[in-house]
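Reading through the structure tokens given below for one structure.
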Amino acid sequence: MPDVTTDERGRRIFQLHKERAVETAIEKIRHNPGSGLSAFSPQDIKTLNYILGETWVSVGRQIWEQSSFTRLTRKDLEEIISIGNDVNSKKLREETGVNKISGILKGSI
16 MPDVTTDERG RRIFQLHKER AVETAIEKIR HNPGSGLSAF SPQDIKTLNY
66 ILGETWVSVG RQIWEQSSFT RLTRKDLEEI ISIGNDVNSK KLREETGVNK
116 ISGILKGSI
């Protein structure tokens, strides 16, 4: 069995925490019928997962934990996905996109 360094183990644990946080957020969004999450395409959901993950990395845990994902509207999700698409296509810097999404999340507190 190959040796796993402490750094590799730490990165993997961090990645698992990030994935779990995003899965929990998506599940909360899904429980809000007003979010219209089921109407979004699989690619939109993939973008939402990606950009929420990057936001989780950048925002403070307090902001993330206090954010009410169940209160996000379809309009909020469309904006978040649009920001994610702009980040993916390099129209927007990731830091700028994450800051915009952080503002949306702060509005849900």
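Numbered according to my numbering, the sequence shown spans residues 16 to 124. We treat Cβ as the ideally placed atom computed from N, Cα and C, and that holds for glycine. Predicted model only: the values in this text are computed from it and were never measured.
| Item | Value |
| --- | --- |
| Assign Thr62 to one of two classes, buried (16 or more other C-beta atoms within 10 Å of its C-beta) or exposed (fewer than that). | buried |
| By the three-class DSSP mapping on this structure, what secondary structure does Ile124 have? | coil |
| Whose C-alpha, out of Glu80, Thr85, Trp71, is nearest the C-alpha of Gly112? | Trp71 |
| Taking 6 Å as the limit between beta carbons, can you name the residues of its chain near Val102, skipping five residues before and five after? | Glu109, Gly112 |
| In the structure shown, what three-state DSSP assignment does Gly51 receive? | coil |
| Measuring only the C-alpha atoms, how far is Thr85 from Ser123? | 9 Å |
| Smallest Cα separation from Thr88: which of Phe55, Glu23, Asp22? | Phe55 |
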